[in-house]
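Asker: Under the UniProt record's numbering, the very last position in the sequence shown is 765; numbers go up by exactly one each time.
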Amino acid sequence: MSEQQVPSYCAQCISRCGCLVTVKDGVLTKVQNLAGHPTGDVVCVKGKAAPQIVYHPDRLLMPMQRTQPKGSDNPGWQPISWQQALGTIADKLGQFRSQSGAKSVCWGITTPSATAIADSFIWINRLAHAFGSPNKLFATENCNWHKDFSHAYVFGQGIGMPDYKNTDCILLWGFNPKETWPAHALQVTEAQKRGAKLIVIDPRKAGLAEKSDLWMGITPGTDGALAMALANLLIANKQYDQSFVRRWSNGPLLVRDDNGSLLTAEDLGQCGANDPEQLVAWDERAQAIVLYDVKSCEYQSDSIEDPLFALDDRIELNGISCRPAFSHYRDACQRYTLEYAQSVTGISAEQIEQMASMIGESKAVSYFSWTGTAQHQQATQTTLAIASLYGLTGCLDKRGGNVYFSKPPVNNLMGFSLLSSELRKEALGADKPLGPWKMGWVNSNDLHRSVIHKAPYKTRALIAFGGNPIATKPNEAFVRETLRELEFYVHADLFMNESAKEADIVLPVSSSWERSGLTPGFLVSQQAESLLQLRKPVIEPLGEAKSDTSIVFELAGQLGLGEHFWEGEIDAALEEVLAPTGVSLSELKAQPAGIDLGLKTHYRKYRNQGFNTHSGKLELYSECLLKSGYSPVPQFPEIQAPSDYPLILTSAKFRAHCHSQHKNIGMLNRRADAPLVEISRALAQELSISANQTIIIETPIGRMTAIARLNADLAKNVLCAQYGWQESGKNYNGIIEQTQSDPISGSNRLKSQWCRIRKLETQPG
């Protein structure tokens, strides 16, 4: 008997926990934590379940083709060879491209946050671009878009990462890392041990909220109102970093009253035709204008003393009435009084004041926010409100704040340059130019409109690498109709799921333990970001399964695109990814625990390069949003509950499952054969519902059953149900309205759906 222990990392979620894999006689038997790895202190139950996942009898092990019409109870799957499968796919795609253009083919990519698709993410995007399609179906609008991209409208880049080793105060806002990101949770716990304060904003008192210094039990979807109320208090009490706001935000820049645009030197007749773009601020000391050069991110002052930029007061220059951008933001915040915020958020005025004081009194504040604030109808404005609030602290990229750790300098080979700017403009969802459309990432609403209504043109095919939109996107019937009406649908995955059942061809994908994967940086700390690691396959692929990357490279060859894919040589492609690091692929293969690049953190990088925004400053007032028809400062129209659906349905991730995955894995699904729903004891008493009884949750588009769990900390008007169950009647997302979405990002109200409940008259068993 031969036994090996291989250093690796678990690729099943974004935590990418370092692990030690035991293999006996070619069989994976155990996954445990890898001491010394920057994310290797713990492996969750999903990692430990790896043997059950890999050797599950329901694994897809050969390509299959549908023989019965779509909608049939039995698709009539017939095994086919890889040669036949890829040949058929290539022929179909070539036909669609010649008849309707490459844009008629959409490429689906599942989530890198909850699967191992990160191994292949750049290659799938590259194939879509090389093929000539601007359309990639990717659920970023409900996942990472707001933390990684919407923040850029304030910060110029994403949310960054809390500098947990040096922070004084941590805000976890709609983020429960104990269930979603173990490496994050451990960092928070260590920070608490050395004295950092923890504030958790979450409808449920769960995970780290139970050990927090302050738990804010917020009504789902009202986070923006809380952020504005907190900012109002910080400004009123002068507990914000006024020096940072004056020097590094666009708060001092003057805004025209007539059109809301930033005042320019050209407006005042002080800019020559060849001068760079210049904006205008007002120096209170000198009682004079100061020009600001956007290109150099520098103010040009002739004052003897340093200018004191005005943040208030209307002034008139050259007949143009204007006032500082900061005053617009301040006025927007002033609408959110303590009394109003309490009525909207369900959080007491005393707690809101306490949170504001904790933030204002801390020298180094950090925060992280994820899907808890992203899956709502006003998600983008919420993100901007939270980011602007954080901007007031002056802690961005400061030691102990949210920083941008140095990352391994790898090449980005997603191949955007392979797609012309004209084709990029034809991506579905172009009506939302500030959202995921910018990257060619389309959502299920855009795809449905294209497939069913041919608007703006007809999508004929979907080539999906993972995913299960029937169970993870809003309105099950809506999504199923889209998939059934496609002329051609290919689905690659480990297991058959409800969405794959609608496909014409299903391709078997190897698990992460059967293939290699490259991770340049592990996100949660500078030590983690410094690690470059190649995950080696620890066992041979089962059956005829192939990695997503292999499928992409082979299909590229069939499509005549081999020149863009190193003529099928995956190792050559990885060498090009690694080239800037100076580390070779052979070196990484020889060191399976990874190579530490010894990178160093550089704080306050904006002092040298400004912010990557239009103004070069942290933007509390967004001219970019204004020009696209949106409010330049966060706004939140109050949404009233309909009288016939008075309750708010939300959801939260549970550790054992990633979205719709893992329900078939024995050790991950021991607790229940149906989704659970948490309801308050007060509501349960009012409706005569007992723990473990089956209840019916109804929304305007459908109903589902769930098992009641009583939660004493939950607000009376809030329910929290498990999502990801695929079966009709148990599918949480199946009863979410797809019509209620964020106008900028397209995110759905997955966590704030109006509903009502009742007890099932005849209880099971």
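C-beta: ideal position from N, C-alpha, C; glycine also. Quick caveat: nothing in here was measured; it's all calculated off a predicted structure.
1. Cα-Cα, which of Ala185, Ser212, Asn717 is closest to Gln640?
2. Considering just the uninterrupted stretch of the alpha helix (DSSP H) at Val54, what are its terminal residues?
3. Using alpha carbons as the reference points, say which of Val583, His491, Ala503 lies closest to Ser530.
4. If you draw a straight line from the alpha carbon of Ile122 to that of Ser301, how long is it in whole angstroms?
5. Checking the sheet assignment: what are the DSSP bridge partners for Arg323?
6. Report back the beta-carbon spacing between Arg709 and Glu678 to the nearest angstrom; my notes put them in contact at under 8 Å.
7. To the nearest angstrom, how far is it from the Cα of Tyr240 to the Cα of Pro51?
8. Spatial neighbours of Ile53 within its chain, please: CB distance less than 7 Å, with the 5 preceding and 5 following residues excluded, ordered by chain position.
9. With DSSP collapsed to three states, give me the class of Glu529.
10. Would a C-beta distance cut-off of 8 Å place Lys663 and Met704 closer than the cut-off?
11. Just the Cα atoms here: how many angstroms apart are Ile701 and Ile744?
12. Taking 7 Å as the cut-off, is the CB of Asp596 close to at least one heavy atom of the ligand SAH?
13. Could you give the distance in angstroms between the alpha-carbon of Trp754 and the alpha-carbon of Pro408?
14. Excluding five sequence neighbours on each side, which residues of the same chain lie with their C-beta closer than 7 Å to the C-beta of Gln635?
15. So what's Gly702 in DSSP terms, helix, strand or just coil?
16. From the DSSP output, in three-state form, read off Ala721 for me.
17. Just curious, the alpha helix (DSSP H) that residue 766 is in, first and last residue?
18. Near Gln32, what residues of its chain come up, given a Cβ to Cβ distance below 7 Å and the 5 sequence neighbours on each side ignored?
19. Shortest alpha-carbon distance to Glu481 belongs to which of Leu507, Leu86, His453?
20. Considering only C-alpha positions, which residue in the set Thr219, Asp306, Pro324, Ala236 is nearest to Thr264?
21. Using three-state DSSP, classify Pro177 as helix, strand or coil.
22. Just the C-alpha distance for Gly568 and Ser15, rounded to the nearest angstrom, thanks.
23. Going by alpha carbons, who is nearest to Ile595 out of Met496, Gly562, Phe522?
24. I need the straight-line Cα distance from Gly114 to Leu208, nearest angstrom please.
25. What first and last residue would you give for the alpha helix (DSSP H) that runs through Gln381?
26. Specify the secondary structure class of Asn608 as computed by DSSP and reduced to three states.
27. Taking Cβ positions, are Gly467 and Ser421 nearer each other than 8 Å?
28. Using 8 Å as the Cβ pair cut-off and three pairs as the minimum, do the segment 382-401 and the segment 167-176 touch?
29. Using alpha carbons as the reference points, say which of Gln661, Ile757, Met439, Ser81 lies closest to Thr140.
30. Name the residue from Arg460, Lys363, Gln84, Thr373 whose alpha carbon lies nearest to the alpha carbon of Glu554.
31. To which residues does DSSP link Val524 through a beta bridge?
32. Could you check the C-alpha separation between Asn135 and Ser516 for me, to the nearest Å?
33. Does the segment 219-232 touch the segment 336-347, meaning 3 or more C-beta pairs lie closer than 8 Å?
34. As an exercise, report each continuous alpha helix (DSSP H) stretch of at least 4 residues that is fully enclosed by the segment 571-627, in chain order.
35. Buried or exposed: where does Arg97 fall if 16 or more other Cβ atoms within 10 Å of its Cβ makes it buried?
36. Between which two residues does the alpha helix (DSSP H) carrying Tyr340 extend?
Answerer: The relevant details are as follows:
1. Counting from 1 along the sequence shown, the entry for residue 640 is found at position 640. Comparing Cα-Cα distances from Gln640 to each of Ala185, Ser212, Asn717, the minimum goes to Asn717.
2. Residue mapping note: residue 54 aligns to position 54 of the sequence shown, counting from 1. It spans 50-54 - the alpha helix (DSSP H) in which Val54 sits, taken as one unbroken run.
3. For the purposes of this step, residue 530 is taken as residue 530 along the sequence shown, with counting starting at 1. Comparing Cα-Cα distances from Ser530 to each of Val583, His491, Ala503, the minimum goes to Val583.
4. Reading the sequence shown from its first residue, position 122 is the one you call residue 122. Reading the sequence shown from its first residue, position 301 is the one you call residue 301. Looking at the two C-alpha atoms, the distance is approximately 46 Å.
5. As a first step, residue 323 must be located in the sequence shown, where it is residue number 323. Looking at the DSSP assignment, Arg323 forms a beta bridge with Val255.
6. Counting from one through the sequence shown, the residue named residue 709 turns up at place 709. Counting from one through the sequence shown, the residue named residue 678 turns up at place 678. Yes, they are in contact, since the Cβ atoms of Arg709 and Glu678 sit about 5 Å apart, within 8 Å.
7. Along the sequence shown, one-based indexing puts residue 240 at 240. Along the sequence shown, one-based indexing puts residue 51 at 51. Looking at the two C-alpha atoms, the distance is approximately 52 Å.
8. If you number the sequence shown from 1, residue 53 lands on position 53. The answer, listed in chain order, is Ser511, Ile665.
9. Position 529 of the sequence shown holds residue 529. The answer is helix: DSSP assigns Glu529 an H, G or I state.
10. Residue numbering aside, residue 663 sits at position 663 when the sequence shown is read from its first letter. Residue numbering aside, residue 704 sits at position 704 when the sequence shown is read from its first letter. Cβ atoms of Lys663 and Met704: not closer than 8 Å.
11. As a first step, residue 701 must be located in the sequence shown, where it is residue number 701. As a first step, residue 744 must be located in the sequence shown, where it is residue number 744. Distance between the alpha carbons of Ile701 and Ile744: 24 Å.
12. The ligand SAH is not among the ligands present in this structure, which contains no ligands whatsoever.
13. Here residue 754 corresponds to residue number 754 of the sequence shown, with the count starting at 1. Here residue 408 corresponds to residue number 408 of the sequence shown, with the count starting at 1. Each residue's Cα considered, the two are about 45 Å apart.
14. Taking the first residue of the sequence shown as position 1, residue 635 is located at position 635. The residues are Ala332, Gln381.
15. Position 702 of the sequence shown, counting from 1, holds the residue named residue 702. If DSSP states are grouped into helix, strand and coil, Gly702 belongs with the strands.
16. The residue you call residue 721 lines up with position 721 of the sequence shown. The answer is strand: DSSP assigns Ala721 an E or B state.
17. As shown, the chain starts at 1 and ends at 765. That puts residue 766 outside it, with no answer to give.
18. One-based indexing of the sequence shown puts residue 32 at position 32. Closer than 7 Å at Cβ, skipping near neighbours: Cys19, Leu20, Val43.
19. Taking the sequence shown and counting its residues from 1, the one referred to as residue 481 is at position 481. Answer by Cα proximity: His453.
20. On the sequence shown, position 264 is the one that residue 264 refers to. Selected option, being the one with the closest Cα: Pro324.
21. Residue numbering aside, residue 177 sits at position 177 when the sequence shown is read from its first letter. Looking at Pro177 - three-state DSSP - the assignment turns out to be helix.
22. If you number the sequence shown from 1, residue 568 lands on position 568. If you number the sequence shown from 1, residue 15 lands on position 15. Spanning the two alpha carbons is a distance of roughly 30 Å.
23. Mapped onto the sequence shown, residue 595 falls at position 595. If we check each option's Cα against that of Ile595, Phe522 comes out closest.
24. Along the sequence shown, one-based indexing puts residue 114 at 114. Along the sequence shown, one-based indexing puts residue 208 at 208. Sequence check: residue 114 is Ala here, not Gly. Cα to Cα, the separation comes out at about 21 Å.
25. Indexing the sequence shown from 1 puts residue 381 at position 381. Here the alpha helix (DSSP H) through Gln381 covers 379-393.
26. As a first step, residue 608 is located in the sequence shown; it is residue number 608 there, counting from the start. Asn608: helix per DSSP, three-state reduction.
27. Mapped onto the sequence shown, residue 467 falls at position 467. Mapped onto the sequence shown, residue 421 falls at position 421. Going by C-beta atoms, Gly467 is not nearer than 8 Å to Ser421.
28. yes
29. Sequence index remark: in the sequence shown, residue 140 carries index 140 (1-based). If we check each option's Cα against that of Thr140, Met439 comes out closest.
30. As a first step, residue 554 is located in the sequence shown; it is residue number 554 there, counting from the start. Checked all of Arg460, Lys363, Gln84, Thr373; the closest Cα to Glu554 is Gln84.
31. Walking along the sequence shown from the start, residue 524 turns up at place 524. Paired residue(s): none; Val524 is not in a bridge.
32. Within the sequence shown, numbered from 1, the residue matching residue 135 stands at position 135. Within the sequence shown, numbered from 1, the residue matching residue 516 stands at position 516. Roughly 27 Å between the two C-alpha positions.
33. yes
34. 585-590, 606-609, 623-627
35. For the purposes of this step, residue 97 is identified with residue 97 of the sequence shown, where counting begins at 1. Under this definition Arg97 is a buried residue.
36. Stepping through the sequence shown from its first residue, residue 340 is reached at position 340. Start and end: 338-345.
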